[in-house]
Amino acid sequence: MTSETPDDRPAIRRWTRPEYPTLVQRALKLRCPRCGEGQLFSGFFRMHERCSSCGLKYERAPGYYLGSSYVNYGLTAVALLIAYIILHYKLGYSNQQLAGPLAGFCVIFPLLAFRYARALWLAMDCRWDPAMMTDEED
Ligand SMILES: [Zn+2]
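Residue numbering for the sequence shown follows this note's numbering, starting at 127 and increasing by one per position.
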């Protein structure tokens, strides 16, 4: 009774907005960006619908995770650039030697980074969208 408003609706919970290092840490652990407790994924590619701890809805809107493909693209481009600089300029591999392996890298790396790109996308939204810090939108 104490947690309800006078008109018998449940009280709206408000969360403290996590700082960037906390959000990145939670994303790298594939945990809910709002509470840091609930797991984001139930399989390698399958996400839970909501956080098991705080109830945050992970699929914010239809097509919500389209933006995570940009995060994934950015991660892949940076990793490819670093790999190329090390392999070509430091270790002396030619462009012909690197073309095949780096093309394979561009296929495999985004698959491995898929979950982290989604977690980072959700974490960024948690930082910028005030609606994620209340239970109001549910
Ligand atoms: Zn949560």
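Built from N, CA and C at the ideal position, the CB exists for glycine as well. Values in this document were obtained by computation on a predicted structure and should not be read as measured data.
So does ARG160 have its beta carbon nearer than 7 Å to some heavy atom of ligand 1?
-> Looking up residue 160 in the sequence shown gives position 34. Yes - ligand 1 has a heavy atom lying nearer than 7 Å to the Cβ of ARG160.
DSSP-derived helix/strand/coil call for LYS216 = Within the sequence shown, residue 216 is the residue found at index 90, counting from 1. Here DSSP, grouped into helix, strand and coil, assigns LYS216 to helix.
Taking all protein chains shown into account, decide if THR260 is buried (16 or more other Cβ within 10 angstroms of its Cβ) or exposed.
-> Counting from 1 along the sequence shown, the entry for residue 260 is found at position 134. Residue burial annotation: THR260 is exposed, with fewer than 16 other C-beta atoms found within 10 angstroms of its C-beta.
For PRO159, which of THR142, PHE170, SER168 and HIS214 has the nearest alpha-carbon?
-> Start at 1 with the first residue of the sequence shown, and residue 159 comes out as number 33. That would be THR142, whose Cα lies nearest to the Cα of PRO159.
Count the other CB atoms, across all protein chains shown, that sit within 10 Å of the CB of ASN149; report buried if there are 16 or more and exposed otherwise.
-> Mapped onto the sequence shown, residue 149 falls at position 23. Contrary to the premise, residue 149 reads as Leu rather than Asn in this sequence. Counting other Cβ atoms within 10 Å of its Cβ, LEU149 reaches 16 or more and is therefore classed as buried.
Among residues of its own chain, excluding the 5 on either side of CYS232, which ones have a beta-carbon nearer than 8 Å to its beta-carbon?
-> By 1-based counting over the sequence shown, the position of residue 232 is 106. Leaving aside the five residues that flank CYS232 on each side, the residues in its chain whose CB is nearer than 8 Å to its CB run, in chain order, THR202 and LEU206.
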